[in-house]
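Be aware that the first sequence starts at 8, since it is given in my numbering, and climbs by one per residue. From the three backbone atoms N, C-alpha and C, an ideal C-beta is built for every residue, glycine too. Worksheet for the structure shown next.
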Amino acid sequence: MSTTLVLFRQDLRLHDHPALIAAASRGRVVPVFIYDEEQAGDWHLGGASQWWLHESLKSLESSISALSGRLILRRGDTISVLRSLQQESGADAIYFSRQYQPWSAPLETLINNEFHDLNVSIKRFPGTLLHEPGSVLTGSGTAFKVFTPFWRAANKQSVALPLGRPDVDWHSHPLASDDLADWQLQPDTQRGVPNWAEGWQDLWKPGEEGAHLALTDFLEAPVAHYAEGRDVPAKRYTSRLSPHLKFGEISPRQIWSAAQQRKLSAPQWSAPIDKFLAEVGWREFCYQLLDLFNDMPAKPFKQQFAGFPWGNNREHLSAWQRGQTGYPIVDAGMRELQHTGFMHNRVRMIVASFLTKHLLVHWIEGERWFWDCLLDADIASNACSWQWVAGSGADASPYFRIFNPIAQGQKFDSEGEYVKQWCPELSKLPKKYIHEPWEAPQMTLVSADLELGTDYPLPIVDHKTARLGALDAYAVIKQAS
DNA sequence: TTTTGAGTTGTTCGA
DNA sequence: GTCGAACAACTCAAA
Numbered sequence: 008m009s010t011t012l013v014l015f016r017q018d019l020r021l022h023d024h025p026a027l028i029a030a031a032s033r034g035r036v037v038p039v040f041i042y043d044e045e046q047a048g049d050w051h052l053g054g055a056s057q058w059w060l061h062e063s064l065k066s067l068e069s070s071i072s073a074l075s076g077r078l079i080l081r082r083g084d085t086i087s088v089l090r091s092l093q094q095e096s097g098a099d100a101i102y103f104s105r106q107y108q109p110w111s112a113p114l115e116t117l118i119n120n121e122f123h124d125l126n127v128s129i130k131r132f133p134g135t136l137l138h139e140p141g142s143v144l145t146g147s148g149t150a151f152k153v154f155t156p157f158w159r160a161a162n163k164q165s166v167a168l169p170l171g172r173p174d175v176d177w178h179s180h181p182l183a184s185d186d187l188a189d190w191q192l193q194p195d196t197q198r199g200v201p202n203w204a205e206g207w208q209d210l211w212k213p214g215e216e217g218a219h220l221a222l223t224d225f226l227e228a229p230v231a232h233y234a235e236g237r238d239v240p241a242k243r244y245t246s247r248l249s250p251h252l253k254f255g256e257i258s259p260r261q262i263w264s265a266a267q268q269r270k271l272s273a274p275q276w277s278a279p280i281d282k283f284l285a286e287v288g289w290r291e292f293c294y295q296l297l298d299l300f301n302d303m304p305a306k307p308f309k310q311q312f313a314g315f316p317w318g319n320n321r322e323h324l325s326a327w328q329r330g331q332t333g334y335p336i337v338d339a340g341m342r343e344l345q346h347t348g349f350m351h352n353r354v355r356m357i358v359a360s361f362l363t364k365h366l367l368v369h370w371i372e373g374e375r376w377f378w379d380c381l382l383d384a385d386i387a388s389n390a391c392s393w394q395w396v397a398g399s400g401a402d403a404s405p406y407f408r409i410f411n412p413i414a415q416g417q418k419f420d421s422e423g424e425y426v427k428q429w430c431p432e433l434s435k436l437p438k439k440y441i442h443e444p445w446e447a448p449q450m451t452l453v454s455a456d457l458e459l460g461t462d463y464p465l466p467i468v469d470h471k472t473a474r475l476g477a478l479d480a481y482a483v484i485k486q487a488s
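So this is what it looks like as structure tokens:
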């Protein structure tokens, strides 16, 4: 009887899991998750993501327990842990889903080398992307660097139907397993750590079941309004699937398949459903770009940006991080991020444009902050999106596209609902001034119980001046290219 | 090889 | 108040 170690990584699900299916078909299965803090180097899981990981593992643990199995948790160096687990369990194979982070391929090679001479079969399986990097190419065989043609070409390829959950003969040997709580992935108020994740339990339902609920709820009705609604941060017209997808609680092809079915049952919603799928397409696009350019998280994709005159104003960066820039839509977004581990997509663009263009702070600072604060922080999407906003990425936003935080607020949060939710000190301000409180007459401020500079900051930079400054800075790039 | 058309999400200015 | 043009030129992808 064969025994296979299934190494769970960012694929914390039991359905549509090719590695698990293959393992189940050959005999007993030992499900393992290894918490390796060194593996990703600078890009170890951020705080918010650690919270989610804890919850997601708890969920996977209980799903496996319900099927009379036991998820083995171990902490430490992946190779050493695998070596001892293989010995303890007598496994003759190790299966896992392929991952695409820059540090994943080297690790997979190490695993191969480690077990090569021990007669342990190492196999990796797809399951994290719709299209493997390298499988969607231009006519001349190169990677696409523009999204639209990439997605058109990708859509000409078929996507297989998702697979079901296999019947698994779980290994019953008493292997030692860590207690999840000992990993201290979450703030521990008993140890005096402030509970920055207060209330997150009510906002999110990590785990495979929660992922499918989110998908079903979204496709049930909100998706109908997706095309325009996704731009309104006060409304719930986005899927909020990103953290589930990041941890692989749901696979992109499960999403793809459910969306295609929805197009059949609600053909009138085909357009917004395709719009939604294009966002899944962006995730694919980002991963194939990362595959093409491993340094994406730290280096500009466009060479000429290496000499960009970024400022390094720590006070500006700190005001941005704390949601104290004096621009309500920016501050609301940054506070939503702090309080929920999430930020609405439209607002992500606004705050990112503000940091990189108004404040001329290097995009990598924003990338790092998002990495720590976002539940859905994903190495490919995060890096590509920051570079897209900054202008240094593939298919990037042109340099002169500088979001006006006042106009964006007025356009997408016209009633000021979103701002009032996250910046309660502005809640009595009439909506005429909600996106530019400094324009309000003194009388209005008094009756709104608001003293600018005390209750809420004055703008840390003037929009018009900052915009011109950004255009100047980008002129340097023009000359360089 | 050369040519041609197109490219996620915007803003400002002036008619 | 609304609308179109300018912003600036480049790179990509396909014919």
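Residues in its own chain within less than 6 angstroms of residue i by CB, not counting five upstream and five downstream?
{"i": "Q261", "result": "D23, P169"}
{"i": "A30", "result": "T11, V13, V36, Y102"}
{"i": "E68", "result": "L78"}
{"i": "Q191", "result": "none"}
{"i": "Y481", "result": "Y406"}
{"i": "K130", "result": "Y102"}
{"i": "H365", "result": "V468, A473"}
Enumerate in chain order the residues of its own chain whose CB-to-CB distance from residue i is below 8 angstroms, with the five nearest sequence positions on each side excluded.
{"i": "L64", "result": "L19, F40, L78, L80, L187"}
{"i": "P259", "result": "T135, L136, L137, L252, V287, R290, E291"}
{"i": "P156", "result": "T145"}
{"i": "T196", "result": "N202"}
{"i": "L478", "result": "Y406, F407, I409"}
Applying the 10 Å Cβ sphere with the 16-neighbour rule, what's the burial state of residue i?
{"i": "R237", "result": "buried"}
{"i": "H123", "result": "exposed"}
{"i": "N301", "result": "exposed"}
{"i": "A442", "result": "Checking the sequence, you will find His at residue 442 rather than Ala. Burial call: buried."}
{"i": "G214", "result": "buried"}
{"i": "N389", "result": "buried"}
{"i": "S249", "result": "buried"}
{"i": "L220", "result": "exposed"}
{"i": "M8", "result": "exposed"}
{"i": "Q275", "result": "exposed"}
{"i": "D383", "result": "buried"}
{"i": "A359", "result": "buried"}
{"i": "V143", "result": "buried"}
{"i": "V230", "result": "buried"}
{"i": "T223", "result": "exposed"}
{"i": "G255", "result": "buried"}
For the beta strand (DSSP E) containing residue i, name the first residue and the last one.
{"i": "S9", "result": "9-15"}
{"i": "A100", "result": "100-104"}
{"i": "S128", "result": "128-132"}
{"i": "I371", "result": "Premise fails: I371 lies in the alpha helix (DSSP H), 370-380, not in any beta strand (DSSP E)."}
{"i": "L64", "result": "From DSSP, L64 is part of no beta strand (DSSP E) but of the alpha helix (DSSP H) over 54-73."}
{"i": "I79", "result": "79-82"}
Given residue i, which residues of its chain have a CB within under 7 angstroms of its CB, disregarding the five upstream and five downstream residues?
{"i": "S434", "result": "K427"}
{"i": "P437", "result": "T451"}
{"i": "E44", "result": "H51"}
{"i": "L465", "result": "G333, W445, L459"}
{"i": "S404", "result": "W395, V396, G398"}
{"i": "I357", "result": "I336, V337, G340, F410, P412, Q415"}
Pop quiz: residue i and residue j are said to be a contact at Cβ under 8 angstroms. What is the actual Cβ separation, rounded to whole angstroms?
{"i": "L297", "j": "A387", "result": "4 angstroms"}
{"i": "H304", "j": "W50", "result": "Here residue 304 turns out to be Pro, not His, going by the sequence shown. Contact holds; Cβ gap of about 7 angstroms."}
{"i": "D176", "j": "G34", "result": "7 angstroms"}
{"i": "P412", "j": "F377", "result": "Not really, about 18 angstroms apart at Cβ, beyond 8 angstroms."}
{"i": "A218", "j": "I257", "result": "4 angstroms"}
{"i": "I96", "j": "H180", "result": "Ile is not the amino acid found at residue 96; the sequence shown has Ser there. Right, the Cβ-Cβ distance comes to about 6 angstroms (below 8 angstroms), so this counts as a contact."}
{"i": "D420", "j": "P240", "result": "6 angstroms"}
{"i": "S54", "j": "D379", "result": "According to the sequence displayed, residue 54 carries Gly and not Ser. Indeed, because the Cβ distance is near 5 angstroms, the residues count as touching under 8 angstroms."}
{"i": "L21", "j": "R172", "result": "5 angstroms"}
{"i": "P140", "j": "Y294", "result": "6 angstroms"}
{"i": "P279", "j": "A234", "result": "5 angstroms"}
Counting along the chain, where does the alpha helix (DSSP H) carrying residue i start and finish?
{"i": "S34", "result": "Reading the sequence as shown, one finds Gly at residue 34 and not Ser. Note, G34: premise wrong, no alpha helix (DSSP H); beta strand (DSSP E) at 34-42."}
{"i": "A390", "result": "386-397"}
{"i": "I280", "result": "277-299"}
{"i": "L210", "result": "207-210"}
{"i": "W429", "result": "424-429"}
{"i": "A359", "result": "352-360"}
{"i": "A150", "result": "It is not in any alpha helix (DSSP H) - A150 carries neither H nor E in the DSSP assignment."}
{"i": "H219", "result": "215-227"}
{"i": "A234", "result": "233-236"}
{"i": "R321", "result": "321-329"}
{"i": "T347", "result": "335-347"}
{"i": "E458", "result": "That residue, E458, is in no alpha helix (DSSP H); it is neither H nor E in DSSP."}
{"i": "Q93", "result": "85-96"}
{"i": "E115", "result": "111-122"}
Using 7 angstroms as the cut-off, classify the Cβ of residue i as near or not near the heavy atoms of the ligand ADP, replying yes or no.
{"i": "Q94", "result": "This structure lacks the ligand ADP; in fact it carries no ligand of any kind."}
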